[in-house]
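The structure appears right after this line, and notes come after that.
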Amino acid sequence: MVKSVSKLTLVPAQQPSALASLVEDYLADARAQGLSPATVKYGYGFPLRQIFLPWAAATGIDSLEQLSTRVLNQYAIHLEEVGGKKGQLKVASRWTYVKAVRSFLAWAKKEGEPVAGEAKLPKLPQTEVETLSAKEVDLLEAAAGNTRDAIIVRTLAESGLRREELARLGVADILEERGKNYLRVHGKGSRDRRVPITPRLARRLRRYIAGRPAEMASKRVFLGLRRRPNGEVGALTPSGITQMIRNLGERVLNKQIHPHQLRHTAATQLRRRGMDSLDVARVLGHSSLKMLRERYDHVTPGDVHDSMMRALRAED
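In this note's numbering, the protein residues as written are 8 to 323.
The following block contains the structure:
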C-alpha cells in the first residue's frame, strides 16, 4: 500500500528589496562604464552584496531613503566592532567597504535617486610606502635565475607597471615612434596608456623575444617556464609574477617583497628626480593626483637630512 503524501505548499521566492535592486543597477552600470569584471565583483560587488546589504536587511533597512548619515555611521561602527564575514577587520578593509557604499550613493544621487545621507570614510593611519633602493633592485636583477626574470625585475622597477599589466603585455605593445620607446599598457577599467621606457630596456625586451625558440612563439611577452599537457607554453600569470618576485626577495634580500613594491619604487624615484606629479600619475595609470600625492610625495628621515645639509651648506 502506497502512503499518501501531504500536499506541498510552494513558497514564492523572496523579492529583493528596493535597495538591493538599486545596488544591482549600480554594479551593472559600473560594468557598462568599462570597469573590469574583477573590479566590479571584488571591489564593489563583494562589499555591497556580502557585507552592506546583509547588514541593512538585519537592521530593517530596505530603501535608500532610510540611509541617513546617522544610519551610515552605525554601519561604520558595525564594521569596526563586529567586522566582516571572517571577524575583525583592519582599518584598510573597513575603508574599502565604506568607500564602496560612498561610490554607490554618489552614483544613485547622480541618477536622481533620493540620497539622504553621507558615508564617512574611516581615517587611514599614515604609513610609509615601502620601496627598494637602486642597489637592491640591481641585486635582484643580477640574481634572477634566467633572462625572463631579470627583465621582469627591471621592467617593473623602471616602468611602475602593475603585475596584471605586465602579464597582459603583448609583443605588439613594445612601440617605437620617432625614436622614442613606449609600452602600450592595458590598464584597469580597459584604459590603455603609453608608458615611456629607456632605449636600453626596449632593446632588452626585443632581444628576449627574438631569442625565444620557434615553438615558444606567442603574442605575449612573458611566458611561463613549464609546458602544458598539450605541449604549449602559456602566458605568465600575475600570481606567477608574485611568486617569482617573492622567492627572489627572500633569497637575495632576506625579506618578503611583492611586485607592487617595485611599482612604489618606480613612482618614488620618478618623483624624487623631479618628474611632475601629473606626468607620474599618467605613467602609473592613476585617475587622480590625490592617491599619487598621498603615497609617493613622502619624505624619509634621509630626505630631510639631505635637504637640511644643503640648506646649511648654503650658509657657509
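Ideal Cβ positions, reconstructed from N, Cα and C, are used throughout, including at glycine.
Computed from a predicted structure; not experimentally measured.
Item to check | Unbroken stretches of the alpha helix (DSSP H), 4 residues or longer, contained in the region 242-283 | outcome: Those alpha helix (DSSP H) runs which fall completely within the region 242-283 and span 4+ residues are 245-259, 266-279.
Item to check | Nearest-angstrom Cα separation, counted from Ala221 out to Ala99 | outcome: Taking the straight line joining both Cα atoms gives about 47 Å.
Checklist entry - Nearest-angstrom Cα distance between Ile68 and Lys48? => result Roughly 23 Å separates the two Cα atoms.
Next on the checklist: Does the region 180-187 come into contact with the region 149-161, if we say contact requires no fewer than three beta-carbon pairs (one atom in each stretch) closer than 8 Å?
Outcome noted: Too few Cβ pairs lie closer than 8 Å, so no.
Next on the checklist: Just to check my reading of the structure: Glu125 and Thr76 have Cβ atoms closer than 8 Å, yes? What is that Cβ distance to the nearest angstrom?
Outcome noted: Confirmed, Cβ separation roughly 5 Å.
Checklist entry - What number of angstroms, rounded off, separates the C-alpha of Met315 from the C-alpha of Arg279? => result Any reading at Met315 needs caution, since the residue's pLDDT is 42, under 50, leaving its predicted position unreliable; the model's value is listed next. One C-alpha to the other measures close to 16 Å.
Checklist entry - Between the beta-carbon of Glu170 and the beta-carbon of His267, is there less than 9 Å? => result The sequence shown places Arg at residue 170, not Glu. The beta carbons of Arg170 and His267 sit closer together than 9 Å.
Next on the checklist: Using CA atoms only, rank isn't needed, just tell me which of Leu163, Gly241, Leu26 is closest to Thr205.
Outcome noted: Measuring from the Cα of Thr205, the nearest candidate turns out to be Leu163.
Checklist entry - Looking at the unbroken beta strand (DSSP E) that takes in Ile181, where does it start and where does it end? => result 181-184 is the span of the beta strand (DSSP E), which, as asked, contains Ile181.
Item to check | Span of the beta strand (DSSP E) around Lys187 | outcome: Unbroken beta strand (DSSP E) run through Lys187: 187-193.
Checklist entry - Would the beta-carbon of Lys226 fall within 9 Å of that of Ser43? => result No, the Cβ-Cβ distance between Lys226 and Ser43 is not below 9 Å.
Item to check | First through last residue of the alpha helix (DSSP H) which encompasses Pro121 | outcome: Here Pro121 belongs to no alpha helix (DSSP H), and DSSP marks it neither H nor E.
Checklist entry - What is the rounded straight-line gap between the Cα of Val144 and the Cα of Leu260? => result Spanning the alpha carbons of Val144 and Leu260 requires a straight line of approximately 10 Å.
Item to check | Nearest-angstrom beta carbon gap, His265 and Val136 [assumed within contact, 8 Å] | outcome: Between Val136 and His265 a beta carbon distance of about 12 Å is seen, past the 8 Å cut, so the two are scored as non-contacting.
Checklist entry - Does the ligand MN have even one heavy atom less than 8 Å from the beta-carbon of Lys48? => result This structure does not include the ligand MN; it has no bound ligands of any sort.
Item to check | Proximity to Ala115 [Cα-Cα], best of Arg198, Met282, Ala35, Val287 | outcome: Out of Arg198, Met282, Ala35, Val287, the CA that lies nearest to the CA of Ala115 is found in Ala35.
Checklist entry - Under three-state DSSP, which class holds Pro61? => result In the structure shown, Pro61 adopts helical secondary structure according to DSSP, grouped into three states.
Checklist entry - Looking at the unbroken alpha helix (DSSP H) that takes in Ile159, where does it start and where does it end? => result Ile159: member of the alpha helix (DSSP H) spanning 154-166, first to last residue.
Checklist entry - Quick one: is Ser140 buried, meaning 16 or more other Cβ sit within 10 Å of its Cβ, or exposed? => result Under this definition Ser140 is an exposed residue.
Item to check | Cβ pair Val108, Phe59 closer than 9 Å | outcome: Cβ atoms of Val108 and Phe59: closer than 9 Å.
Next on the checklist: Within the continuous beta strand (DSSP E) that includes Pro129, where are the two ends?
Outcome noted: Where Pro129 is concerned, there is no enclosing beta strand (DSSP E), given that its DSSP letter is neither H nor E.
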